[in-house]
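Per our numbering: the sequence shown = residues 1351 to 1588. The block underneath contains the structure these notes are about, expressed in structure tokens.
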Amino acid sequence: MHIVIDLVLLAILIICVWSGYRKGFIIGIANLLGIVVALYGAVLVSGAFSYDVVPVLRPFVSGYIEGQMDDTVLEQMGLDNTDLSYEDILAGDSQLRHEFCYTCYTTVGIYDDAADQMATEAEEYADANEVQISEAIVEVFCERAAYVAGVVLMFLIFLIALMAIANIPNLSYRIPNMDVLNDAGGAAMGFINGICYCILICWALRFLGLVIGVDTLGKTLLAKFFIAIDLLTAGVGI
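Below, the structure is given as structure tokens:
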């Protein structure tokens, strides 16, 4: 699967470069602006309304994650050779809380860096609301799942709408008598646009470990590179 992901990302880059070469420099700039506008519009909408979905997700997520806590998580932490529950174990050693939260998230398919940040948020949520760590883990997961799904959905909707509006005039928008700038500049902008798409795809894949395989992203080359760049998604949240 990790090879497939890298090949798909490489194909996206090649297609975007070729498309940029054909459409020209100005269209390439317009496409980049469209990506940015669609992304941050999606962030605003998802941030405003995604929490309304959390109560729907909570019952399903709670049963699954808490089942992992009793079995897989304690085993991975080397704490399964005891009759104590995870709550009793954590009560006896508060320093294990972060590792426990982190392991819960990686077990359900969250990529390393995202899992680490969500673990910190779960600890803060538990302390601020005086709830058990298991409840905090579920709440943070539900909030993040609803937010990420909202960003992806609204980004696609906004991007399609912006592209449809841009194509209404049906003009080439090529700079007269500057073929080199049109072709080379268009290819360069296509490459930049391709990088943006790849960053966004990899951002979303960080939360889909149960679908693509928990360890898949860690074995990739291109996906790990795009996750490390993290320029476009710096203002999006985790």
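Backbone N, C-alpha and C define an ideal beta-carbon position, used for all residues, glycine too. These numbers were taken from a predicted model, which means no experiment stands behind them.
Tell me where the alpha helix (DSSP H) around residue 1534 begins and ends.
On the sequence shown, position 184 is the one that residue 1534 refers to. Careful: residue 1534 lies outside any alpha helix (DSSP H) and carries neither H nor E.
Between the Cα of residue 1569 and the Cα atoms of 1418, 1461, 1383, which residue gives the shortest distance?
One-based indexing of the sequence shown puts residue 1569 at position 219. Checked all of 1418, 1461, 1383; the closest Cα to residue 1569 is 1461.
Among 1370, 1477, 1459, 1501, which residue has its Cα nearest to the Cα of residue 1386?
Reading the sequence shown from its first residue, position 36 is the one you call residue 1386. Nearest of 1370, 1477, 1459, 1501 to residue 1386, Cα basis: 1501.
Residues near residue 1567 by beta carbon distance below 8 Å, same chain, minus five either side:
The residue given as residue 1567 occupies position 217 in the sequence shown. Cβ neighbours of residue 1567 beyond the five flanking positions: 1352, 1355, 1461, 1552, 1555, 1556, 1559, 1573, 1574, 1577.
Give me the Cβ distance between residue 1543 and residue 1391, rounded to the nearest whole Å; I'm assuming they're in contact under 8 Å.
One-based indexing of the sequence shown puts residue 1543 at position 193. One-based indexing of the sequence shown puts residue 1391 at position 41. With a Cβ gap of about 17 Å, residue 1543 and residue 1391 do not count as contacting.
DSSP state of residue 1556, grouped into three classes?
The residue given as residue 1556 occupies position 206 in the sequence shown. Correct three-state label for residue 1556: coil.
According to the Cβ coordinates, are residue 1470 and residue 1426 closer than 8 Å?
What you label residue 1470 is simply residue 120 of the sequence shown in a count that begins at 1. What you label residue 1426 is simply residue 76 of the sequence shown in a count that begins at 1. One thing to note: residue 1470 has its Cβ no nearer than 8 Å to the Cβ of residue 1426.
Identify whether residue 1566 lies in helix, strand or coil by the three-state DSSP scheme.
Residue numbering aside, residue 1566 sits at position 216 when the sequence shown is read from its first letter. Residue 1566 falls in the coil class under three-state DSSP.
When you compare the segment 1398–1417 with the segment 1444–1451, are there three or more beta-carbon pairs, one atom per stretch, that lie closer than 8 Å?
They do not touch, by the three-pair rule.
Is the separation between the beta-carbon of residue 1488 and that of residue 1475 shorter than 8 Å?
The count along the sequence shown starts at 1 and reaches residue 1488 at position 138. The count along the sequence shown starts at 1 and reaches residue 1475 at position 125. Not a contact, by the Cβ cut-off of 8 Å.
Pair every Cβ in the segment 1374–1388 with every Cβ in the segment 1530–1541, then say whether three or more of these pairs are closer than 8 Å.
yes
Check each candidate in 1396, 1405, 1548, 1451 and name the one with the smallest Cα separation from residue 1484.
Here residue 1484 refers to the residue found at position 134 when the sequence shown is read from its first residue. For residue 1484, the nearest C-alpha among the options comes from 1451.
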